[in-house]
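A.B. asks:
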Amino acid sequence: MSIKYFTLHQLGWRPGYSHHLTLQDFEAGYPARVVGVHRSGLSVLSARGASTVSLLHGSATGVEPAVTVGDWLLIEMDAPRVLRVLERYSLIVRIAAGSEHRMQAIAANLDTLFVVTSCNDDFNLSRLERYLAVAFEAGVEPVIVLTKADLCADVGAYLDAVRSIAPTIGFMAIDATSATASGLLAPWLADGQTVAFVGSSGVGKSTLANTLVGDSTQATGGIREDDARGRHTTTAREMFVLPGGAWVIDTPGMRELRVGAIEAGMGAVFDDIETLAAQCRFHDCRHDGDRGCAVESAIAGGQLDGRRLVNYRKLQREAANAVRTTRERREQDRHYGLLNRTAQRLQREKKGRDY
Ligand SMILES: Nc1nc2c(ncn2[C@@H]2O[C@H](COP(=O)(O)OP(=O)(O)O)[C@@H](O)[C@H]2O)c(=O)[nH]1
Ligand SMILES: [Mg+2]
Ligand SMILES: [Zn+2]
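Adding 1 to a residue's 1-based position in the sequence shown gives its number in the numbering used here.
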């Protein structure tokens, strides 16, 4: 398959990235976008075409969290070597599964996060709030996509529920298998835009990705890994381009999206609770039987869903916990680093005495 060449603009380049690059940087290397993260290395696209660079080792180019799909790299002019990871415009992160504190990047430099759920048992307002908080924290516009509308008798009830938690953000109900879905998502899929689909397994993320790609095989630019049927499947972390020029990152279904620090995101999703909390009699009100609590009286009066307060608290605890463990771990690392260096010095001194 022939390789299609993309301009930086088509690859999603933003003027802001240049602000972090010096003239020397541009002489030493060129920018390239990570379109695939594989065990063997990173697939990148640049104005020079497609290439593979090895994964980053060493602290010089190491970033925390590690390089992910959508990242921009500075690649050395004449060698497949990463000089630097460019400052991220936005980054969707979670606490890695099976870890207490390790941040895992899901997608970098996104414009839009499509939060996908279906009009059935998967639908869960608290989980939606969680995804929204993560998107807002990252500075990414969230859009809620309700799939399987064609299989649902009362789509209106689902839409009303979404409206109740997120009156200001975009949402839609679709049949992900139908071509009409493309038109509904089109406002977020302009040339050079980068979007990602997140949500539970089986809600239709890959189906939707396939619908957007349509029948066009040339649209994939030779970078999409197809299975035997030539359909997109969610295997590795990768992004691919749509016929209209937008970049799509499909993600494997997530069993849980555990949050890290999300104060700003919480403020955006739960601004009703935070506004009420400012009216509580005591500034350190726990909204839990305290006198003069505006949050509890709003719940009693039916203006606020009690479920929202429960979820707000849960997410706050989770975030505080993640922030604390990360800080403790950093201090521990510093401590052990110091011990190590001291041990090495003592050993050198001992050797000096022995010889
Ligand atoms: N009828 C209907 N089926 C759908 C819709 N979205 C997804 N599906 C089906 O649901 C199953 C899971 O979809 P898939 O895209 O693999 O989900 P993913 O795990 O989120 O990527 C597939 O059999 C799809 O055909 C929809 O909007 N309507
Ligand atoms: Mg999938
Ligand atoms: Zn209160």
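All C-beta atoms in this analysis are idealised placements derived from N, C-alpha and C, irrespective of residue type, glycine included. Quick caveat: nothing in here was measured; it's all calculated off a predicted structure.
Using the three-state DSSP reduction, which class does Gln105 fall into: helix, strand or coil?
C.D. replies: Here residue 105 corresponds to residue number 104 of the sequence shown, with the count starting at 1. Note: Gln105 maps to strand in three-state DSSP.
A.B. asks: What residues match up with Tyr90 in a beta bridge as DSSP calls it?
C.D. replies: Locating residue 90 in the sequence shown gives position 89, where the first residue counts as 1. Tyr90 is not bridged to any residue.
A.B. asks: For Met255, which of Tyr132, Ser19, Arg85, Gly50 has the nearest alpha-carbon?
C.D. replies: Here residue 255 refers to the residue found at position 254 of the sequence shown. Among Tyr132, Ser19, Arg85, Gly50, the Cα nearest to that of Met255 is on Tyr132.
A.B. asks: Along the beta strand (DSSP E) that carries Leu74, what are the first and last residues, could you check?
C.D. replies: Taking the sequence shown and counting its residues from 1, one reaches residue 74 at position 73. Looking at the DSSP string, the run of the beta strand (DSSP E) that includes Leu74 is 73-77.
A.B. asks: By how many angstroms is the C-alpha of Pro16 removed from the C-alpha of Ile1?
C.D. replies: Nothing about residue 1 can be reported from this structure: the residues present for the chain run from 2 to 356 only.
A.B. asks: Is Ala48 closer than 7 Å to Leu9 when the C-beta atoms are compared?
C.D. replies: Here residue 9 corresponds to residue number 8 of the sequence shown, with the count starting at 1. Here residue 48 corresponds to residue number 47 of the sequence shown, with the count starting at 1. Cβ distance < 7 Å, so Leu9 and Ala48 count as in contact.
A.B. asks: What is the DSSP secondary structure of Glu142, reduced to helix, strand or coil?
C.D. replies: The residue you call residue 142 lines up with position 141 of the sequence shown. DSSP places Glu142 in strand when its eight states are reduced to three.
A.B. asks: Could you have a look at Tyr18 and say whether DSSP puts it in helix, strand or coil?
C.D. replies: As a working note, residue 18 is residue 17 in the sequence shown. If DSSP states are grouped into helix, strand and coil, Tyr18 belongs with the helices.
A.B. asks: Check whether the Cβ atoms of Glu77 and Gly30 sit closer than 7 Å, and answer yes or no.
C.D. replies: Translated into positions along the sequence shown, residue 77 becomes position 76. Translated into positions along the sequence shown, residue 30 becomes position 29. Cβ atoms of Glu77 and Gly30: closer than 7 Å.
A.B. asks: Thinking Ala134 and Met267 are a contact (beta carbons under 8 Å), I'd like their distance in whole angstroms, please.
C.D. replies: To locate residue 134, count along the sequence shown from 1; it is residue 133. To locate residue 267, count along the sequence shown from 1; it is residue 266. Contact flag correct, Cβ pair sits at about 5 Å.
A.B. asks: Name the one or two DSSP bridge partners that Leu147 has.
C.D. replies: In the sequence shown, residue 147 corresponds to position 146, counting from 1. Thr118, Ala174.
A.B. asks: According to DSSP, is Ile96 helix, strand or coil?
C.D. replies: To locate residue 96, count along the sequence shown from 1; it is residue 95. Three-state DSSP puts Ile96 in a strand.
A.B. asks: Is Arg238 buried or exposed, if buried means 16 or more other CB atoms sit within 10 Å of its CB?
C.D. replies: Your numbering for residue 238 matches position 237 in the sequence shown. So Arg238 ends up on the buried side.
A.B. asks: Do you know offhand how far Pro168's Cα is from Arg314's?
C.D. replies: Looking up residue 168 in the sequence shown gives position 167. Looking up residue 314 in the sequence shown gives position 313. Computed Cα separation, rounded: 21 Å.
A.B. asks: Under 8 Å by Cβ, that's how I've got Leu111 and Ala162 pegged, so tell me the actual separation to the nearest angstrom.
C.D. replies: Mapped onto the sequence shown, residue 111 falls at position 110. Mapped onto the sequence shown, residue 162 falls at position 161. Not confirmed; about 25 Å, so no contact.
A.B. asks: Check whether the Cβ of Lys149 sits closer than 6 Å to any heavy atom of ligand 2, and report yes or no.
C.D. replies: Reading the sequence shown from its first residue, position 148 is the one you call residue 149. No.
A.B. asks: Should the region 141-151 be called in touch with the region 332-347, which here means at least 3 C-beta pairs below 8 Å?
C.D. replies: The region 141-151, when compared against the region 332-347, does not touch it at the 8 Å Cβ threshold.
A.B. asks: Taking DSSP as the reference, what is the three-state secondary structure of His10?
C.D. replies: On the sequence shown, position 9 is the one that residue 10 refers to. Here His10 sits in coil by DSSP.
A.B. asks: Looking at Ser100 and ligand 2, is the gap between the Cβ and the nearest heavy atom below 6 Å?
C.D. replies: Stepping through the sequence shown from its first residue, residue 100 is reached at position 99. No, the beta carbon of Ser100 sits no closer than 6 Å to any heavy atom of ligand 2.
A.B. asks: Can you have a look at Tyr90 and say buried or exposed, based on whether 16 or more other CB atoms are within 10 angstroms of its CB?
C.D. replies: Along the sequence shown, read from residue 1 onward, the residue named residue 90 stands at position 89. Classification for Tyr90: buried.
A.B. asks: Compute the Euclidean distance between the alpha carbons of Val204 and Asn121, then round it to the nearest angstrom.
C.D. replies: Counting from 1 along the sequence shown, the entry for residue 204 is found at position 203. Counting from 1 along the sequence shown, the entry for residue 121 is found at position 120. Val204 and Asn121: Cα-Cα distance of roughly 9 Å.
A.B. asks: For the beta strand (DSSP E) that Val36 lies in, which residues bound it at each end?
C.D. replies: Translated into the one-based positions of the sequence shown, residue 36 becomes position 35. Note, Val36: beta strand (DSSP E), 30-39.
A.B. asks: Taking DSSP as the reference, what is the three-state secondary structure of Phe271?
C.D. replies: Within the sequence shown, numbered from 1, the residue matching residue 271 stands at position 270. DSSP places Phe271 in coil when its eight states are reduced to three.
A.B. asks: Under three-state DSSP, which class holds Glu350?
C.D. replies: Within the sequence shown, residue 350 is the residue found at index 349, counting from 1. If DSSP states are grouped into helix, strand and coil, Glu350 belongs with the helices.
A.B. asks: By DSSP's criteria, Arg85 is part of a beta bridge. Which residues make up the other side?
C.D. replies: Along the sequence shown, read from residue 1 onward, the residue named residue 85 stands at position 84. In the DSSP output, where bridge partners are listed per residue, Arg85 has Leu75.
A.B. asks: From which residue to which residue does the beta strand (DSSP E) around Arg50 run?
C.D. replies: The residue you call residue 50 lines up with position 49 of the sequence shown. It should be noted that the sequence gives Gly, not Arg, for residue 50. Per DSSP, Gly50 belongs to the beta strand (DSSP E) from 50-54.
A.B. asks: In this structure, how does DSSP classify Ser357 when only helix, strand and coil are distinguished?
C.D. replies: The chain is shown only over 2 to 356; residue 357 falls outside these bounds and no answer can be derived.
A.B. asks: Identify the continuous alpha helix (DSSP H) that holds Ala180 and give its terminal residues.
C.D. replies: Taking the first residue of the sequence shown as position 1, residue 180 is located at position 179. Taken as a continuous stretch (DSSP letters only), Ala180 belongs to no alpha helix (DSSP H), as it is neither H nor E.
A.B. asks: What is the chain-ordered set of residues for which the beta carbon lies under 5 Å from any non-hydrogen atom of ligand 3?
C.D. replies: Listed along the chain, these residues meet the criterion: Cys281, Cys286, His288, Cys294, Val296.
A.B. asks: Determine, using beta carbons only, whether Lys206 and Val117 come nearer to each other than 7 Å.
C.D. replies: Locating residue 206 in the sequence shown gives position 205, where the first residue counts as 1. Locating residue 117 in the sequence shown gives position 116, where the first residue counts as 1. Contact flag set, yes.
A.B. asks: Nearest by alpha-carbon distance to Ser100: which of Arg259, Ala109, Ala197, Val196 is it?
C.D. replies: As a position in the sequence shown, residue 100 is number 99, starting the count at 1. With distances taken between Cα atoms, Ser100 lies closest to Arg259.
A.B. asks: At a cut-off of 6 Å, is Val196 close to ligand 1 when judged by its beta-carbon and the heavy atoms of the ligand?
C.D. replies: As a first step, residue 196 is located in the sequence shown; it is residue number 195 there, counting from the start. Because no heavy atom of ligand 1 lies under 6 Å away, the Cβ of Val196 does not count as near it: no.
A.B. asks: Around the C-beta of Asp192, are 16 or more other C-beta atoms found within 10 angstroms, so that it is buried, or is it exposed?
C.D. replies: Numbered from its first residue, the sequence shown carries residue 192 at position 191. The residue is exposed, with fewer than 16 neighbouring Cβ atoms inside 10 Å.
A.B. asks: Whole angstroms is fine: what's the gap from Tyr6's alpha carbon to Trp248's?
C.D. replies: As a first step, residue 6 must be located in the sequence shown, where it is residue number 5. As a first step, residue 248 must be located in the sequence shown, where it is residue number 247. Going from the Cα of Tyr6 to the Cα of Trp248 covers about 14 Å.
A.B. asks: For Asp251, which of helix, strand or coil comes out of DSSP?
C.D. replies: As a working note, residue 251 is residue 250 in the sequence shown. Strand at Asp251.
A.B. asks: What residue range does the alpha helix (DSSP H) around Leu305 cover?
C.D. replies: Locating residue 305 in the sequence shown gives position 304, where the first residue counts as 1. Run containing Leu305: none; DSSP gives neither H nor E here.
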